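Per numbering that gives the first Met the number 0, residue 0 is the first one in the sequence shown, and the count goes up by one each step. What follows is a single structure, written as structure tokens, with notes after it.
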Amino acid sequence: MTMITVWLNNQAVECHSQQCLTELVEQLTLPTVGAAIAINQTIVTRSEWSTTVLNHNDQITLFQVIAGG
């Protein structure tokens, strides 16, 4: 299977072509509680993670929601 490079918080990450966002989250054991993910500056809702296919050079940003007061 062909490998592609995506950028997660400005770090290069190798993954399989046609890989979905859920698979990347699982591959890297990324935190999912209180997490939001944007691809190319567009927020991807959690319900779309399993159907969002990653492309070469996608810019992925992982946000952790932090409660404060």
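The C-beta atom is built at its ideal place from N, Cα and C for all residues, glycine as well. Remember, predicted model here, so these are calculated numbers, not experimental data.
Limits of the unbroken alpha helix (DSSP H) element including residue i
i	result
Leu23	Leu20 to Gln26
Limits of the beta strand (DSSP E) - the one that residue i falls within
i	result
His15	Gln10 to His15
Val40	For the record, residue 40 in the displayed sequence is Gln; it is not Val. Where Gln40 is concerned, there is no enclosing beta strand (DSSP E), given that its DSSP letter is neither H nor E.
Met2	Met2 to Leu7
Thr60	Gln58 to Gln63
Candidates the options: closest to residue i by CA position
i	options	result
Thr41	Thr60, Val52, His15 and Asn56	Thr60
Gln63	His55, Met0 and Gly33	Gly33
Leu7	Ser16, Gln17, Asn39 and Thr44	Asn39
Val52	Ala66, Asn9 and Ser16	Ser16
Asn9	Ala66, Ile65 and Asp57	Asp57
Ile65	Thr31, His55 and Met0	Thr31
Supposed close pair residue i, residue j - CB separation, criterion 8 Å
i	j	result
Met2	Cys14	7 Å
Count the C-beta pairs between the region 41-55 and the region 10-27 that are closer than 8 Å, then say yes if the count reaches three, no if not. Yes, they touch.
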